[in-house]
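Below is one structure, written out as structure tokens; comments come after it.
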Amino acid sequence: MGTYFEAGIGRSFRGQGIDMGRRAASQALSQLEKYRPSLAIVFACPELDLDAIQKGILETIGDCPLIGTSTAGEIANGLITRGVVVTVIASPHLKVSVGMGTGVSKNFENAVNEALAQAKASKYFNPTHPLHQMLHISTSKRPRVSPVLAIMFSAGATKSRFCLTHDIHTMLRKGSANRIPIFGGSSGDYFRFEATYQMANQHLSNDSVVLAFIESDILFGLGMAHGFSPTTKRALITKASGHIVYELDNRPAADVCSELLGVPRGQLGNDAIWFSRYPFGTTDLYGNSILQVPEQVLDDGSIKFGPIMKTDQVITLMNGTKDDMRDAGLSAYNKAILQGGLKKPALALMFSCALRMRLMGKDRRSEINSVLRKTKVPVAGFYTFGEQGITDDCLPIYANQSVSTLVFSDELNPVATMIHKGKDIYFTFASQLNRKISQIKAITRINQILEDQTVVESLLAMLSKELPMVLQWADGAFYFPSKTADTYILMGASDRRKFPEKIIPHETGSRYTCIGLDIHCKHFGLMVLKQKDNELVPDDEDMLFAETVAKLVAGSLHKIDLDRGLEAKMQHFEIFNQLGKELSHSIATTVQFQKLVEHIRCILKFSFVSLWLVDPTHQILVKEAVDADPDVIFTGDKRENDERITKWQLTHCQLLSVADTEDKSNPVNLLHPFPFQFISLPVFYKGALRGILNVYSFIKSNSFFEHVRLYDDENVGFLESLAAHISVLIGNRFIQKDTTLFKEINHRVKNNLQNIASLLRMQIRRLDRVSPEQALSDSISRIMSIAVVHENLSHGEIGMVNVGQLIASISQFSVTGNSEEPIITLDISGVPIMIPSKEATSLALVVNELIQNALRHGILPQGRGKLSITISQTNGFISVIVHNDGPGISSDFDIEKRSNLGLTIVRTLVQNELKGSFTLVNSEGTVATVTFPFPETYVHA
Amino acid sequence: MFRILIADDEPLIRVDLKELLEEIGHQVVAETGDGKEALALLNTVRPDLVILDIKMPGMSGIEVARRIAHEYPVIILTAFSERSLIEQAKDAGVMAYITKPFRDGTLTPAIELAVSNYLEKAALSEKVSQLKEQLETRKVIDKAKGLLMDKQGLSEARAYRHIQTVSMNKNRSMKEVAEAIILMLE
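Structural data, given as structure tokens:
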């Protein structure tokens, strides 16, 4: 296979003419690999059906130019006889045109001009044409300078026609000012001298000259040799005209020849073999001997030569052995190589004289075989009736009994090489440029996608669809790492059937190409490529480009990640902002906690969020607020699991985050299925657990970013600081309560002081009726009973007082406080009842007065007695009954009598404060009954 | 001697207050522990002075004061001493603000001052509204007078006399007559 030049040689011997032509031509064409044939050269035995053969060849080679000749023996890597040889030369660096001029025998000049005109080569053979000064500048679009070469076939000698090849050659040689090498041969016909044939394209003639005019950037060389050496025998041509020499040394030419050859005069005319064996030669200006072979001894004793002979030329008898002749073939070949400076000879065309074949006899094959053997170059050609080539000094020459060789080499001439290299560079650059352009387009498209998409999943899905177009050689997919370290999960693929759902990079071997999506030490995942079934193989640049794409994608993912981070920060900011607003409200109400929880859920996009607060009195958790995504119904298992997590938290008080609730290692015993991940945060205020914040996020399959979001350090950190803020909010609520309580107490103290002041003032107004001692001790007992209410204020319920305890305390100091200590049996019974402190104060004062009265009027007069106090609760009323077993009240006792301060106090308080009733009757002593309505809200059993 | 209404939700304090007021020569015409009830009682007893506690069921003393302070002198008697409450009382038009516990000596001057200040204020208000009315009448009469002079070519004195005559004949105030003239001529 040639780089710039290819040649093929086909041959056939038997069969129908058209088939022979087809066979030989297709055999020749089959040896071409890259190039279309530039020229087909046909050598055919004239006895065959040349017309049919030519048709067969033409239909096989198509529109390729064709020239051909009949032969006296064909050469196709060796001598063959009576066959057809088709030689094709093929190269884009050859420009071939073909022409045929007919009617050589009538007017060879017209024929030559016709052939030149057809071959569009007339200008080259006009001595005044400027092209001769510069070889050739092609007129085609691509400017180039190409050496030119003519291959010529012309009609050979027959019995009826003189061979005019030398005349034709001389005309062309002179026309081209010796600048254009003419490689040619006269058509032969196996020494029958009947008819010789020439072919040009579809034309076939027996009286024509055929020219193939070749502009060749392919290096070629020509050489010629004959193998004969001059002897000492010579003669001077003294009379000659055209091809006829009449006299040598002023004597009849035949006579002198006979003497020189040592052959009887009579035998000369019969057998031209003598002339072949001992041809004459002339010596040119440069000392090269050229064979001048007589063809025929004419009847008048003159001799007809093949070439045109001139007077005053010395012809020398030449001598040559068979070995010399055999070596001449190789010699001509070597001259061609030298002349052309060829390094990679690819085809040799040898036109050898038919006379030489005849002289060699049985060794006739050796001339060609020695070339084949030595050079390994394919050889084609034919045996001619006259050869044309160049001398050792590169002048075109017509010769006889010589071998002329044209060698094509698989090289370009230096100028063409430059042009070709330039062209190569151009095409390399052009294809590089095209590649870069398509890469830039691809990058642009990828960038467009990267810009348009902000959601990772859809971004990767779109990108992976684009990858086969962008990379051309591969299908592509994107994988993101799963929770377990070394497995990657498919996120998007150009063709899902070609990629597994999961991939472990170091186990994939060479089936996939894995490129990391890495940027700034961050690893997002893998871009995985799988070579397509077509034969595109990625080169370094393809890989580099794929890596560039991966970098771009990684960059984009990084950006999305940053955006997401920023968004999260914005969300956090928004929540803090809301939180700040809530904090700025002085009262932390349930509504506000609910709002806060809603903010947290909506802004951070959790599935549901619950906030539990610790009830300070009972140390239990109370669900304060809960908010769920509209798609998530917060009932059943979800509610139950939320409670379980909260209960666990109540005892553990530590941050609990569970990424996979199906993972049994989580510490909370959950109901399944529960496809949520969650974080449970304890909320502390001043070191004590005050609440629990639970956030839940639904686990979406394959959603990498969603999956890790909740466990992002920043998110967890944020939630923790959120918990801290919530704790402040909770703390606020307690401070709120404390402040209210303080104000309440302060007010009540002042009110009580006013009450005491009022009681004292009332007592002062009645000093005229009682002793100062009694007035003071009564006042003291009244103050004490107010004090007892404070003693008995419940620590749990704000402002609530236990009635039983209250009364027990009052009776305690009332009984012991008296100066004369009576023997008293005290009996207090009843149900435990809690009432507000305001009512309790009134009740305490009332009960105190009743006990004082009972003691003063019922028990002290006897010095002993029984005092029982009963508290009961019926139908929304509380009754306090104070009974003493004394003498009872006197019948004239008027309960409405104004002056008795104690009873005034009792009446006023029972009626106006307690909205109840008071009775005082005698029944086994005195029974004082206070009954007042009792709202259910006070019940605290 | 003033007729006084007291409203305090502590019955004992009420009793003491009532005795105290009567001691210094006043008459307690009504007492209650409920803000709304105090409002209702006012219409029937028409007291000279109202003493109100702030913290009461039904309605706070401040709120009651806000509604009645333009008709009655009001004294607030309360255990609260926050600045904000005093401000509120001032805005409501309260005449005195006494904090509990109080001394008996405090009440007498407070009551005297409250009533006299109230009366003075009321008299001033009356005077202001009278002057306002007079000014208004003058304005209207002047306008009517001007119209009569323009449209009917009367002199100023004749125009005034015309209004005066019509007023006496029709037994209408001069202002009403002037308004009728403006309505007619304008």
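Each protein sequence line maps, in turn, to chains R and B. Note that the working numbering gives residue 39 to position 39 of the first sequence, counting from 1, and the numbers run on in steps of one. With positions in the second sequence counted from 1, the corresponding number in the working numbering is that position plus 941. The beta carbon of each residue, even a glycine, is placed where N, CA and C say it ideally should be.
The three-state secondary structure of R/Lys310, taken from DSSP, is coil.
At least one CB of chain R lies nearer than 7 Å to the CB of B/Gly974. Minimum Cα-Cα distance from R/Ile449 among the listed residues R/Ser556, R/Phe429, R/Thr391 corresponds to R/Ser556. Under a criterion of Cβ atoms nearer than 9 Å, no residue of chain R is adjacent to B/Phe943; the nearest Cβ is some 20 Å distant. The beta carbon of B/Lys1041 falls within 7 Å of a beta carbon belonging to chain R, placing the residue at that interface. In the DSSP secondary-structure assignment, R/Val85 is bridged to R/Arg11, R/Phe43. Under the 10 Å beta carbon count, R/Tyr286 is surrounded by fewer than 16 other beta carbons and is classified as exposed. Contact check between the region 153–161 of chain R and the region 313–328 of chain R: fewer than three CB pairs, one atom from each, fall below 8 Å, which does not count as touching.
Look at the beta carbons and you see the region 1028–1043 of chain B not touching the region 759–777 of chain R: under three pairs across the two are nearer than 8 Å. Closest in C-alpha terms to R/Leu349, from the list R/Ser494, R/Met357, R/Ile337, R/His93, comes R/Ile337. With a threshold of 7 Å between beta carbons, B/Pro998 makes no contact with chain R.
Sorting R/Met171, R/Arg564, R/Val104 by C-alpha distance to the C-alpha of R/Asn126 places R/Met171 at the top. Annotation: the continuous beta strand (DSSP E) that includes R/Asn922 extends over 917–922. Going by C-alpha positions, R/Ala775 is about 11 Å away from R/Arg782. In this structure, R/Tyr197 and R/Ser70 form a Cβ contact; the two beta carbons are roughly 4 Å apart against a cut-off of 8 Å.
The continuous beta strand (DSSP E) containing R/Pro345 extends over residues 345–353.
Contact of R/Ser758 with chain B is assigned, a C-beta pair being separated by under 7 Å. Along the length of the region 944–998 of chain B, whole alpha helix (DSSP H) runs at least 4 residues long occupy 952–964, 976–986, reported in chain order.
Rounded to whole angstroms, R/Ala44 and R/Leu66 show a C-alpha spacing of 13 Å. By the rule that beta-carbons nearer than 7 Å mark a contact, R/Gln763 does not touch chain B. Under a criterion of Cβ atoms nearer than 7 Å, no residue of chain R is adjacent to B/Ile1017; the nearest Cβ is some 14 Å distant. Annotated three-state conformation of R/Cys394 is coil, per DSSP. Interface criterion met: the Cβ of B/Leu953 is under 7 Å from a Cβ in chain R. Straight across, the Cα-Cα distance linking R/Leu920 with R/Asn853 is about 11 Å. Residues of the same chain with a CB within less than 6 Å of the CB of R/Val609, apart from the 5 flanking positions on each side, are Val597, Ile600, Arg601, Asp627, Val695 in chain order.
When CB distances to chain B are screened at a threshold of 7 Å, not a single residue of the region 620–635 of chain R falls below it. Separation of R/Lys595 and B/Ile1052 (C-alpha to C-alpha, rounded to the nearest whole angstrom) is 52 Å. Every unbroken stretch of the beta strand (DSSP E) spanning 3 or more residues and falling wholly within the region 138–183 of chain R is given here in chain order: 148–154. Taking a Cβ-Cβ cut-off of 7 Å, the neighbours of R/Leu753 in chain B comprise Pro1042, given in sequence order.
Within the region 752–811 of chain R, the beta strand (DSSP E) runs of at least 3 residues that lie entirely inside it are, in chain order, 800–802. Secondary structure note for R/Val407: its beta strand (DSSP E) is the uninterrupted segment 403–412. In this structure, B/Glu978 is the residue among B/Glu978, B/Leu1054, B/Lys1073, B/Phe1043 with its C-alpha nearest to the C-alpha of B/Ala948.
If the five residues before and after R/Ser97 are omitted, its C-beta is found closer than 6 Å to the C-beta atoms of Ala119, Lys120, Phe213, all from its own chain and listed in chain order. Legend: CB atoms of the region 900–914 of chain R lying less than 8 Å from CB atoms of chain B belong to residues Thr904, Ile905, Thr908, Leu909, Gln911, Asn912, Glu913.
Around the beta carbon of R/Asp217, 16 or more other beta carbons lie within 10 angstroms, which makes this residue buried.
By the neighbour-count definition (other C-beta atoms within 10 Å, threshold 16), B/Pro1050 is an exposed residue.
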